[in-house]
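Working notes, structure below.
In the working numbering, the protein residues as written are 15 to 192.
So this is what it looks like as structure tokens:
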């Protein structure tokens, strides 16, 4: 499967909700997600846990760039992931915890995310299909970026795991030496 996605810092969560409603997006629900990332030789792998839902594994390839980008992904159940990657524990990289508000506008998922240790973000995901080709998905994401532009902060090149890893490995400021 493929989608076109874009992620940015979000300056005002309440204004984002208002803009979703103004554009005709439908609120779906709030999800408390825990994503555990694993280091694998090819691609990216995360295990997503949501209370009351089955475990979902997401294997994907995506370039890190601060513009809209293609993501190629496969979804696996817990059983399918064990068959694919084996029953031995994978090497865990890090865990990202977030509260996600899911909104739908046509074929685009709008995520309003509050990520522990990082802050608030918005993500647009346009699913590529026969009806909505790659070009149409990029166009729709561009339109949404424009519609939300007053409340968008810096565009995010990678994912939350990359941001969290960078934050945790940032060198501490040197104390003033006099």
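Quick reminder that beta carbons are idealized off the backbone N, C-alpha and C, glycines included.
Taking the Cα positions, residue 112 is about 6 angstroms away from residue 46. By the beta-carbon neighbour count (other beta carbons within 10 angstroms, threshold 16), residue 58 is buried. DSSP places residue 121 in no beta strand (DSSP E); its state is neither H nor E. In the DSSP assignment, residue 48 is bridged to 63 and 111. The residue from 134, 176, 183 and 87 with its alpha-carbon nearest to that of residue 29 is 134.
The three-state reading of DSSP puts residue 72 in strand, counting E and B together. Spatial neighbours of residue 80 in its own chain (CB-CB distance under 6 angstroms, excluding positions within 5 residues in sequence) are listed in chain order as 169 and 171. Rounded to whole angstroms, the separation of the alpha carbons of residue 52 and residue 181 is 18 angstroms.
For residue 167 against residue 19, the beta-carbon gap comes to about 17 angstroms, at or over 8 angstroms, which does not count as contact. Put simply, the region 102-110 does not touch the region 79-93. Fewer than three CB pairs are less than 8 angstroms apart.
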